[in-house]
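See below for the structure under consideration.
2 protein chains.
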Amino acid sequence: MRFIDLVRARESCREYTDRPVKKEDLCTILEAGRLSPSACNIQPWRFFVVHEGDLVGKTAKCMQGMGMNRFTDQVPAFIIICEQTTNLKQTVASGIGGHSFAQMDIGIAAAHMMLCARTMGIDSCIIGWFSDKKLRELLNLPNGCKVRLVLALGYGKKAEPRTKRRMEFDDIVTFVETPKKKGE
Amino acid sequence: MRFIDLVRARESCREYTDRPVKKEDLCTILEAGRLSPSACNIQPWRFFVVHEGDLVGKTAKCMQGMGMNRFTDQVPAFIIICEQTTNLKQTVASGIGGHSFAQMDIGIAAAHMMLCARTMGIDSCIIGWFSDKKLRELLNLPNGCKVRLVLALGYGKKAEPRTKRRMEFDDIVTFVETPKKKGE
Numbered sequence: 002m003r004f005i006d007l008v009r010a011r012e013s014c015r016e017y018t019d020r021p022v023k024k025e026d027l028c029t030i031l032e033a034g035r036l037s038p039s040a041c042n043i044q045p046w047r048f049f050v051v052h053e054g055d056l057v058g059k060t061a062k063c064m065q066g067m068g069m070n071r072f073t074d075q076v077p078a079f080i081i082i083c084e085q086t087t088n089l090k091q092t093v094a095s096g097i098g099g100h101s102f103a104q105m106d107i108g109i110a111a112a113h114m115m116l117c118a119r120t121m122g123i124d125s126c127i128i129g130w131f132s133d134k135k136l137r138e139l140l141n142l143p144n145g146c147k148v149r150l151v152l153a154l155g156y157g158k159k160a161e162p163r164t165k166r167r168m169e170f171d172d173i174v175t176f177v178e179t180p181k182k183k184g185e
Numbered sequence: 002m003r004f005i006d007l008v009r010a011r012e013s014c015r016e017y018t019d020r021p022v023k024k025e026d027l028c029t030i031l032e033a034g035r036l037s038p039s040a041c042n043i044q045p046w047r048f049f050v051v052h053e054g055d056l057v058g059k060t061a062k063c064m065q066g067m068g069m070n071r072f073t074d075q076v077p078a079f080i081i082i083c084e085q086t087t088n089l090k091q092t093v094a095s096g097i098g099g100h101s102f103a104q105m106d107i108g109i110a111a112a113h114m115m116l117c118a119r120t121m122g123i124d125s126c127i128i129g130w131f132s133d134k135k136l137r138e139l140l141n142l143p144n145g146c147k148v149r150l151v152l153a154l155g156y157g158k159k160a161e162p163r164t165k166r167r168m169e170f171d172d173i174v175t176f177v178e179t180p181k182k183k184g185e
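If you read the protein sequences in the order shown, they are chains A and B. For the first sequence, this note's numbering assigns the number 2 to the initial residue and increments by one for each residue that follows. For the second sequence, this note's numbering assigns the number 2 to the initial residue and increments by one for each residue that follows.
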């Protein structure tokens, strides 16, 4: 499969069957995240996995409210992607020019994991709307770990991906040309 | 190729041959970025491509100083990854809980592009140390576009990837267990 076809095949899935995700498959996905690159190789990510018992449903509730993310009740496995915020080097780096290298790194790791999942036939959805406080209490997350994203994982009900709605290529890409000199 | 092997094969490359990257290959890589997912599908990224003439070398200079990134003199192509910061919806979303969804999205798009490049035999390096001001002036970047990352692209001199230095799996991954009830 060409990489671009993998990209086209991956989509945010919000309808899941009740098929569970095997722990060994979760480990492969997590390994793809672990091996991701990060600024200065700081690896700011910490992954908390929920895939067993009634904790899964309780975790889903931490992403719900105001009509949001009801589909998470169907999700069989979650990877809670946290930023380890207590690294001084990272904190310093984060302060330059409004950049948050740690959050860009978190995005890189999330991309690795969801693309890896797709190659294994596992669907996913990145969730950015959740209660950090509720997740923290339920899962007993350590201090210094800030929840940045939640990756929902499971087997989707749909066989064919939707057509992607994206801005046109020319609206987001500019090939910068060298200015011509006088007389050229 | 299994995805995990692609992840292992990709590494930050800082030694390039003088082989240029074809524009059509750059377009494929950019397409992988364009199709990336983002929070609320906002697509906060804008890509500026430099791959021709003396602009390439001048762009490299914007990432140098204090001994940093000298290798960029060898790089035949750059994708300047900017965040479009003037989107109100994005600005609101960015303000919740210290999250920068836009920067996480930028990370996701960067991961798509560098992994895509690797499948095409093209090496890359994400650069986070640069002068936004110099890049802005040189490339005439529009207001509202903030440079977040630069993706260097080219053909590396080394055939075999280095062994990755990463934290151990158990140091960053926690499988959260449901607490056992009394008597179980």
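Each residue gets a CB set at the ideal place from its N, CA and C atoms; glycine is no exception.
So, using beta-carbon positions, are A/K165 and B/L36 closer together than 7 Å?
yes
Between B/G58, B/A103, B/G66, B/K159, which lies nearest to A/T179 when the distance is taken from Cα to Cα?
B/G58
Below 8 Å on the Cβ atoms is my guess for A/M114 versus A/A33; work out the distance and round it to an integer in Å.
6 Å
Using the C-alpha atoms, what's the distance from B/F79 back to B/R149?
13 Å
When burial is assigned at 16 or more other CB atoms within 10 Å of the CB, is A/A112 buried or exposed?
buried
Proximal chain A residues relative to B/T72, where beta-carbon distance stays under 8 Å
Here residue 72 of chain B is Phe; the residue named in the question, Thr, does not match the sequence. Within 8 Å Cβ-Cβ: nothing; B/F72 doesn't reach chain A, min ~16 Å.
Beta-bridge pairing of B/E84 - partner residues as DSSP gives them:
B/W46, B/K147
Entirely enclosed beta strand (DSSP E) segments - the segment 8-61 of chain B, minimum 3 residues
46-51
Residue nearest to A/H100 in terms of C-alpha spacing, selected from B/A118, B/W130, B/V76, B/P77
B/W130
Consider the Cβ of A/Q104: report whether some Cβ of chain B lies at a distance smaller than 7 Å.
yes
Cβ shell of A/L139 (< 7 Å), same chain only, five flanking positions each side left out
K59, T60, C63
From what residue to what residue does the alpha helix (DSSP H) around B/F170 run?
170-173
Same chain only: Cβ atoms within 7 Å of B/R71, ignoring 5 sequence neighbours per side
Q65
Pairs of beta-carbons, one from the segment 12-20 of chain B and one from the segment 117-135 of chain B, closer than 8 Å: are there three or more?
yes
Is B/M69 helix, strand or coil by DSSP?
strand
Determine the contact status of B/P77 and B/V22, defining contact as a CB-CB distance below 7 Å.
yes
Give the C-beta separation of B/E173 and A/T29 to the nearest angstrom, bearing in mind that I take them to be a contact with Cβ-Cβ under 8 Å.
It is worth fixing the name first, because residue 173 of chain B is Ile in this sequence and not Glu. That belief does not hold up - the Cβ atoms of B/I173 and A/T29 are roughly 15 Å apart, past 8 Å.
Measuring alpha carbon to alpha carbon, tell me which residue in B/Y156, B/R137, B/A40, B/K135 is nearest B/A110.
B/A40
Hey, would you say A/Q85 sits closer than 7 Å to B/M168, going by beta carbons?
no
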